[in-house]
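Which chain is which? The protein sequence lines are P and D, in order. Using my numbering, the letters of the first sequence map in sequence onto residues 6 to 479. Using my numbering, the letters of the second sequence map in sequence onto residues 6 to 479. Report on one structure; see the data block that follows.
2 protein chains.
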Amino acid sequence: MAQQLKNITKRSEDFAKWYTDVVKNSGLIDYGPAKGTMIIKPYGFAIWELIQKYFDSEFKKYEVENVYFPLLIPASLFNKEKDHIEGFAPETFTVTKIGDKQLEEDLYIRPTSEVLLATYFSKVVKSYRDLPLIYNQWVNVLRGEKTTRPFLRTSEFLWQEGHTVHETKDEAFLMTKNILEVYRKVVSEKLLLPVITGEKTVHERFAGAEATFTIESLMHDGQALQCGTSHYLGNNFAKAFEIKYQGRDSNWHEAFSTSWGVSTRLMGAIIMTHSDDSGLVLPSSIAPIEVQIIIVKETDEVNKAAEEIRKQLSHTYRVKIDKSDKSFGFKMSEAEIKGIPVRIEVGPRDLESKIVVISRRDTKEKTQVELKNVEKQVREMISEYDKNIYNMALQNRQMRTFEASSLKEYIDVLNEKQGFVLVPFCGEMSCEADIKAKTQTTSRCIPDGVDQSKGKCFNCGKESNLKVYFARSY
Amino acid sequence: MAQQLKNITKRSEDFAKWYTDVVKNSGLIDYGPAKGTMIIKPYGFAIWELIQKYFDSEFKKYEVENVYFPLLIPASLFNKEKDHIEGFAPETFTVTKIGDKQLEEDLYIRPTSEVLLATYFSKVVKSYRDLPLIYNQWVNVLRGEKTTRPFLRTSEFLWQEGHTVHETKDEAFLMTKNILEVYRKVVSEKLLLPVITGEKTVHERFAGAEATFTIESLMHDGQALQCGTSHYLGNNFAKAFEIKYQGRDSNWHEAFSTSWGVSTRLMGAIIMTHSDDSGLVLPSSIAPIEVQIIIVKETDEVNKAAEEIRKQLSHTYRVKIDKSDKSFGFKMSEAEIKGIPVRIEVGPRDLESKIVVISRRDTKEKTQVELKNVEKQVREMISEYDKNIYNMALQNRQMRTFEASSLKEYIDVLNEKQGFVLVPFCGEMSCEADIKAKTQTTSRCIPDGVDQSKGKCFNCGKESNLKVYFARSY
C-alpha cells in the first residue's frame, strides 16, 4: 500500500466509478492479467472466508457434505441436457490442447457443475437407500463475459454450488426451499442485506430447472442484485443422465434433484449497499478486523494500554493494533477506507485522564470512553452499528419500492427513481423478452408474501394472476 | 454406498492394487469423466479440510495471508521465465476458445502460479515499506499426466501454493526454511508421517528456483514420496518480471522471492503409510470421525446410552452414531474400512453389566469398558493408537534405510529391499540423469543432520562431498 490514500469519487456523482474506487482503494482486489479476471487480495479474501464460514455452518444443519468435482467437463457430457447446454455453451472456456498436443475431445471449464454431478449420481445411485445425496463444493467457475466489473461480473468467480438428489419430488422441493431460507438468513443476518425472497419467472429461470427461487436485494443506487438462487431441477437431469433408483415398491424411478449457489457477487452487494463516500463499510460479522486500535503517539504507557485493550477485546472481537510506521492520520483514514466498524485511538494525553476515543465507521461519531468501560462501549457500539447499517439499507429499499400498472407508468418510475417496481404480469416468455428489449430491465422475482391477485399484465394487457418485481439490475 | 463391502487385495500381494482398492472402497474418491481427474467424495474431502485447517493455523504464525489469483495465465506472461516455462510447458492445459470464438492469445490453466504472483508483485512493490508480502492460496491446479493414480498423480489436484517476496536474501531464505519447518511439523505431528527434511539436488530442483527444500517420507512398500517442497527463488523471478523496490539506501534493488506447496498427494502418503489389509487407517487428528458408536441391537435403553456417550465424547472428539439401517456386522466392517480410530459397541446385554466394548482400528484389540470409564479409556486409546501408527511407520522407514558406495551396491539394495539408500554423490546434473536412465530412480534429498563428509560419487566415481538419499519414488 502506497503512503498516499487515493480519492474516492462521490457516490452521488458517479455510482459506477465510486464502486470501482471503493473496491480498489480499500484493498479488496486488483485486476488479473487475463481479460475479466480479478485477484482477490488478502483483505478481500478474508471477508470471503468469513462469508464461507457462515454458509458452511448453516449448510451443516441440512446435512450438506462438502466435496470436490473436477474443473473440466468433456464436451460430450455437457451436450446431454438441451436447455442447459444452450444456456451455457456461448460462454464456456474450452481447452483444446495440452502442451502442443491437440486433444481428441474438447474439455469445457465448468461454468457450473450440474452435468458432472448428474453423471456421478447416475453411477452411484441404485436404490432408495442411496438417497438423498446432499453435496456442496466451494470452487472457481468460469464464464466468458463481455463487460466485466469486480465481483459483480467476472470471467472467473468463486462460489459454492450445492447439488442434491432425492427420492421424491416433495423432498427435493423442500431442499430447494430450505436452502433459500439459509441464503435469506445468512445474507440478511450476517451480511446485513435486506432481501426479498421469491420465485423467478420462466424467462429468468436457470437453464435446466423447473423452478428457480431467489433472494434479491436493492443496491444504494436503486438497481437490483440477485444474491443467491436455489433451483428445483425436477427430474430433468435425472432423465438426461439416467439417474434411476429402485424404490420401496421395487420399481425403478427417476430421481429428483436440486442445485443452488451463492458467489463472490455477494461482495459486490455488500459494497454497493453499505459503503459510502469515505470507502467501505463492513458488517461486523464479516469484517476481518472489527476493532482497529490506533496509537496517537507512542510511549511505553500508550503501547501497554493499547495491548491491554487488544487483549481484552480479542476474546470477543477480531482486533488489531496498527503497528505500521505510517502517520496517525494515515492510519485513521486507512481504517476508514477499509470499513473497519470501530476505531480506538489511544494517546498519552487521554491516558492521563484514563480515557480513549472510540469512533464508529457508519456515523463517524467519536466518543470519549473511560478505560474501564471500553469493552462495554465497544459491544454496544458494534451492536448499534450493525442495526444502523441494516436499517439504512432497508430504508433505501422501502423508499425505492414502487408499483405500476402499465408500461408507461413503469418506465416513468424507472426514469425518475430506480428501484423495485411491482407490476401485474402475465408471466409469459415472449412478453418478458419484449419488456427486456424495450426497457433493458428484467423481472427479479414473484415475491413471497405479496398477494398474487388477478389483474391485467402491465405490458401485454392479457389476463394475469402474478405480481412481479421488475427492476434494472446488475 | 452399496450394501456389500468389496474385498481389498492383500497389501503384500499387489501393493498398487491394494492402494486403489483402499482408496475406492473406503469412499474417498471416484474417477472423474475427464482423463486423469478424480472426484473427492465427502469422506475424502472432510480429511482434506482437516489437513487444510492445520496448515492454515501454522501459516498464520508466519503472517501468511490467504488470497485468490486467477486460474488462467496468458501465454505471453508464462514465457517470461525460461527455466519455468521449459519445466511446465509440455503439461499445461490450454484454452484456445470461448464458445465458438477463437481467442487472440492462448490462456494456460495454472500448473502453478509463480508468474501470476510475480506479475502482481512487480506492479505493487515500489518501496522496502511494501515488503514482505506473504501470500498463500488453496486452489486447484492442472498438469497433464500420462499415467495417473488417485491422489498421487492426477491431472487436476488441490494444493496450497505460498508465494512471498522480501527485501533481503536472508529474509527470503529464512521464509523458505520456516515453511519447511511448518511442513515437517504438520506432516509428522498431525498426519503422523515420519519425514526426512533436506535439500533437493540441482537435477530435482523446482524449475526456476535457486534451492528447493523438501520433506520426504517412505511408503510401506519402501518407495519414497515427496510430501511438500519449499523453494528459495533468489531473484530469478524478480529479474524476469522486474520486481524492484527502492531500498533503505534510496537505490533500486531486485526483490527476493519464495514459493512452497503441499497438495492432495498427502492423502496418498497417509494411505500408503498407515493403511492395512482391512482398509484405511487414519491418524486421529485428520479422521472425520474419530469415534464411531455402533448399536448392537436397538432398545430404548441402548439408544439412550449411545446418545449419552456421544454427547460426553463430543466435547473432545468427532463422534458419530451410525444410525443407518445396515446390519451390525456391516457397520463394524464399514467403520474398519474407513479407518475410524475407535469403535464403541453398545448392546443391551453389555448394558445390563454397565459396560460397552471398545475396539482400536490399528491393533484390532477389543476391550470391555465400564460405562463410567468410557471417556478416559477412549482418550488413552486414541493417544496409544496415534503413537503406534507413527512408530510403525518410523520402524518401517528405519528398517528400509540403507547405505551404498557403488552403483552395483545401490542396485543390489534396490532389487532386494526397496527404501532410502544413502550414497556419496557428486551432485552433477549429467551424472544424476545417467543414474535415472540406468535405474529409474531419483535422488530424494541431501538430508539435514547427516554428516556431509568427502567421498567418491557412487556412480561416476568423481570426488564428492555430498551424501544423498536415492530411492524409487511415487
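C-beta atoms are modelled at their ideal positions from N, C-alpha and C, and glycine is treated no differently.
**Prompt:** What do you get for A442 of chain P, buried or exposed, if any count of 16 or more other CB atoms within 10 angstroms of its CB means buried?
**Reply:** Stepping through the first sequence from its first residue, residue 442 of chain P is reached at position 437. It is exposed - the Cβ of A442 of chain P has fewer than 16 other Cβ atoms within 10 Å.
**Neighbour list for T99 of chain P in chain D, Cβ cutoff strictly below 8 Å** = Position 94 of the first sequence holds residue 99 of chain P. Close to T99 of chain P, with beta-carbon spacing below 8 Å, are these residues of chain D in chain order: V100, T101, K102, I103, G104.
**Asked** Mind pulling the chain P residues with CB within less than 9 Å of I345 of chain D?
**Response** For this step, residue 345 of chain D is matched to residue 340 along the second sequence. In chain order: nothing, as chain P lies at least about 16 Å away.
**Request:** Taking Y67 of chain P as part of the alpha helix (DSSP H), name the residues at either end of that continuous run.
**Result:** Taking the first residue of the first sequence as position 1, residue 67 of chain P is located at position 62. That residue, Y67 of chain P, is in no alpha helix (DSSP H); it is neither H nor E in DSSP.
**Message:** Is the beta carbon of E166 of chain D closer than 8 Å to that of L147 of chain D?
**Reply:** Along the second sequence, read from residue 1 onward, the residue named residue 147 of chain D stands at position 142. Along the second sequence, read from residue 1 onward, the residue named residue 166 of chain D stands at position 161. Not closer than 8 Å, so no.
**Prompt:** Hey, Q297 of chain P and A340 of chain P: beta-carbon distance below 8 Å or not?
**Reply:** Here residue 297 of chain P refers to the residue found at position 292 when the first sequence is read from its first residue. Here residue 340 of chain P refers to the residue found at position 335 when the first sequence is read from its first residue. In contact: Q297 of chain P and A340 of chain P (Cβ atoms closer than 8 Å).
**Message:** Please give me, in chain order, every unbroken run of the alpha helix (DSSP H) with length at least 4 that falls completely inside the region 226-272 of chain P.
**Reply:** 241-246
**Message:** Can you check whether the C-beta of A7 of chain P is within less than 8 Å of a C-beta belonging to chain D?
**Reply:** Here residue 7 of chain P corresponds to residue number 2 of the first sequence, with the count starting at 1. Because the pLDDT of A7 of chain P is 39, which lies under 50, any placement of that residue in the model is unreliable, and the number read from its coordinates should be weighed accordingly. Yes, A7 of chain P lies at the interface with chain D (some Cβ there is under 8 Å from its Cβ).
**Request:** Can you check DSSP and say which residues form a bridge with A476 of chain P?
**Result:** Looking up residue 476 of chain P in the first sequence gives position 471. DSSP, once it has assigned bridges, lists P:T447 as partnering A476 of chain P.
**Message:** Using only the alpha-carbon positions, how far apart do I248 of chain D and E385 of chain P sit?
**Reply:** For the purposes of this step, residue 248 of chain D is identified with residue 243 of the second sequence, where counting begins at 1. For the purposes of this step, residue 385 of chain P is identified with residue 380 of the first sequence, where counting begins at 1. E385 of chain P has its alpha-carbon roughly 46 Å from the corresponding atom of I248 of chain D.
**Prompt:** Would a C-beta distance cut-off of 8 Å place G273 of chain D and S31 of chain D closer than the cut-off?
**Reply:** Stepping through the second sequence from its first residue, residue 273 of chain D is reached at position 268. Stepping through the second sequence from its first residue, residue 31 of chain D is reached at position 26. For G273 of chain D and S31 of chain D, no; Cβs fall outside 8 Å.
**Request:** With 8 Å as the C-beta to C-beta threshold (strictly closer), list the residues of the region 199-217 of chain D near chain P in chain order.
**Result:** none
**Asked** Under the rule that 16 or more other beta-carbon atoms within 10 Å means buried, what is A7 of chain D, buried or exposed?
**Response** As a working note, residue 7 of chain D is residue 2 in the second sequence. Annotation note: pLDDT 39 at A7 of chain D (below 50); position unreliable, no value reported.
**Asked** On the premise that S262 of chain D lies in contact with A398 of chain D, defined as a C-beta separation below 8 Å, what is that separation, rounded to the nearest angstrom?
**Response** Along the second sequence, read from residue 1 onward, the residue named residue 398 of chain D stands at position 393. Along the second sequence, read from residue 1 onward, the residue named residue 262 of chain D stands at position 257. Not confirmed; about 34 Å, so no contact.
**Asked** Distance, Cα to Cα, I13 of chain D vs M277 of chain D?
**Response** By one-based count along the second sequence, residue 13 of chain D stands at place 8. By one-based count along the second sequence, residue 277 of chain D stands at place 272. Taking the straight line from one Cα to the other gives about 14 Å.
**Item:** Anticipated Cβ contact below 8 Å, G233 of chain D with V192 of chain D, distance rounded
**Value:** As a first step, residue 233 of chain D must be located in the second sequence, where it is residue number 228. As a first step, residue 192 of chain D must be located in the second sequence, where it is residue number 187. Correct: roughly 7 Å between the Cβ atoms.
**Item:** Straight-line Cα distance separating G49 of chain D from Q9 of chain P
**Value:** One-based indexing of the first sequence puts residue 9 of chain P at position 4. One-based indexing of the second sequence puts residue 49 of chain D at position 44. Low confidence applies here, because Q9 of chain P scores a pLDDT of 49, under 50, leaving its location unreliable; read the following figure in that light. Taking the straight line from one Cα to the other gives about 47 Å.
**Message:** Spatial neighbours of R477 of chain P within its chain, please: C-beta separation below 6 Å, excluding the five flanking residues on both sides.
**Reply:** Taking the first residue of the first sequence as 1, we reach residue 477 of chain P at position 472. Closer than 6 Å at Cβ, skipping near neighbours: Q228, T446.
**Message:** Let me see if you follow: with CB-CB separation under 8 Å, is H35 of chain D close to chain P or not?
**Reply:** Taking the first residue of the second sequence as 1, we reach residue 35 of chain D at position 30. The sequence given here has Asp at residue 35 of chain D, not His. By the rule that beta-carbons nearer than 8 Å mark a contact, D35 of chain D touches chain P.
**Asked** Alpha carbon to alpha carbon, what distance is there between L376 of chain P and V383 of chain P?
**Response** Taking the first sequence and counting its residues from 1, one reaches residue 383 of chain P at position 378. Taking the first sequence and counting its residues from 1, one reaches residue 376 of chain P at position 371. Those two C-alpha atoms are separated by around 11 Å.
**Prompt:** To the nearest angstrom, how far is it from the Cα of I291 of chain D to the Cα of L196 of chain D?
**Reply:** Translated into the one-based positions of the second sequence, residue 291 of chain D becomes position 286. Translated into the one-based positions of the second sequence, residue 196 of chain D becomes position 191. Rounded to whole angstroms, I291 of chain D to L196 of chain D spans 7 Å at the Cα level.
**Message:** Taking the beta carbon of T159 of chain D as the centre, do at least 16 other beta carbons fall within 10 Å, making it buried, or is it exposed?
**Reply:** For this step, residue 159 of chain D is matched to residue 154 along the second sequence. Label assigned to T159 of chain D: buried.
**Inter-stretch contact (C-beta, 8 Å, three-pair minimum) for the region 302-321 of chain D and the region 63-81 of chain D** = no
**Prompt:** If we cut at 8 Å on Cβ distances, does F126 of chain D have a partner in chain P?
**Reply:** Translated into positions along the second sequence, residue 126 of chain D becomes position 121. Closer than 8 Å: no.
**Asked** First and last residue of the beta strand (DSSP E) that includes V373 of chain D?
**Response** In the second sequence, the residue the question calls residue 373 of chain D occupies position 368. Residue 373 of chain D is actually Gln in this sequence, not Val. Element bounds for Q373 of chain D: 371-375.
**Item:** Residues of the region 55-80 of chain D with Cβ closer than 8 Å to any Cβ of chain P, in chain order
**Value:** E70, N71, V72, Y73, F74, P75, L76, L77, I78, P79
**Prompt:** Among all the DSSP beta bridges, which residues are the ones paired with T169 of chain D?
**Reply:** In the second sequence, residue 169 of chain D corresponds to position 164, counting from 1. The beta-bridge partner set that DSSP reports for T169 of chain D consists of D:I139, D:T263.
**Message:** Helix, strand or coil for Q8 of chain P? Go by DSSP, reduced to three states.
**Reply:** The residue given as residue 8 of chain P occupies position 3 in the first sequence. Note that Q8 of chain P scores a pLDDT of 42, beneath 50, so its modelled location is shaky and nothing firm can be said.
**Asked** For H258 of chain P, which residues from the same chain have a beta carbon less than 7 Å from its beta carbon, with the 5 sequence-adjacent residues on both sides left out?
**Response** Position 253 of the first sequence holds residue 258 of chain P. Hits under 7 Å: K249, Y250, G252.
**Request:** Drop a sphere of 10 angstroms on the beta-carbon of T42 of chain P, count the other beta-carbons inside from all chains shown, and report buried for 16 or more, exposed for fewer.
**Result:** Against the first sequence, residue 42 of chain P aligns to sequence position 37. Flag for T42 of chain P reads buried.
**Request:** Select from P:V130, P:I201, P:Y113, P:Q142 the residue whose C-alpha is nearest the C-alpha of V170 of chain P.
**Result:** The sequence position of residue 170 of chain P within the first sequence is 165, counting from 1. Per the Cα distances, P:V130.
**Request:** Just the C-alpha distance for T124 of chain D and P38 of chain P, rounded to the nearest angstrom, thanks.
**Result:** Counting from 1 along the second sequence, the entry for residue 124 of chain D is found at position 119. Counting from 1 along the first sequence, the entry for residue 38 of chain P is found at position 33. The straight-line gap separating the alpha-carbon atoms of T124 of chain D and P38 of chain P is approximately 8 Å.
**Prompt:** So, does the CB of P38 of chain D fall closer than 8 Å to a CB anywhere in chain P?
**Reply:** On the second sequence, residue 38 of chain D is found 33 positions in, with the first residue counted as 1. Closer than 8 Å: yes.
**Prompt:** CA-CA distance, I299 of chain D and V379 of chain D?
**Reply:** The residue labelled residue 299 of chain D in the question sits at position 294 within the second sequence. The residue labelled residue 379 of chain D in the question sits at position 374 within the second sequence. Those two C-alpha atoms are separated by around 14 Å.
**Item:** Burial state of M224 of chain D (16 or more Cβ within 10 Å)
**Value:** For the purposes of this step, residue 224 of chain D is taken as residue 219 along the second sequence, with counting starting at 1. In the assembly as shown, M224 of chain D is a buried residue. Its beta-carbon has 16 or more other beta-carbons within 10 Å.
**Request:** Give a yes or no on whether the C-beta atoms belonging to P79 of chain D and E119 of chain D are separated by under 8 Å.
**Result:** Along the second sequence, read from residue 1 onward, the residue named residue 79 of chain D stands at position 74. Along the second sequence, read from residue 1 onward, the residue named residue 119 of chain D stands at position 114. Result no, Cβ atoms of P79 of chain D and E119 of chain D do not sit closer than 8 Å.
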